[in-house]
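Here's the structure we're looking at; comments come further down.
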Amino acid sequence: MARGNQRDKAQKKAADANKGKRSDGDGKSFRTKMENDAEIMRKKQEAAAAKKAAEAAAGKP
Numbered sequence: 001m002a003r004g005n006q007r008d009k010a011q012k013k014a015a016d017a018n019k020g021k022r023s024d025g026d027g028k029s030f031r032t033k034m035e036n037d038a039e040i041m042r043k044k045q046e047a048a049a050a051k052k053a054a055e056a057a058a059g060k061p
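According to UniProt numbering, the residues represented by the sequence shown are 1 to 61, in order.
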């Protein structure tokens with residue numbers, strides 16, 4: 001283990017840097033983000049479909 005001390009120091013430095021950050025291991029925030037992103041995409045798709053329908057009604061190709 002030639003680099004053991006270097007690795008230990010790097011791990012300690014990373015642990016100190018991440019000390020204040022929260023760790024969300026239950027996946028709720030990920031699921032919430034996915035649901036929010038899906039809702040945004042549905043709204044965009046509805047808007048695009050409405051725009052396309054309006055253009056078709058106006059006679060634009």
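The beta carbon of each residue, even a glycine, is placed where N, CA and C say it ideally should be.
Would DSSP call Lys21 helix, strand or coil?
Note: Lys21 maps to coil in three-state DSSP.
For Arg3, three-class secondary structure by DSSP
In this structure, Arg3 counts as coil in the three-state DSSP scheme.
Rounded to the nearest angstrom, what separates Thr32 and Gln11 at their Cα positions?
Roughly 31 Å between the two C-alpha positions.
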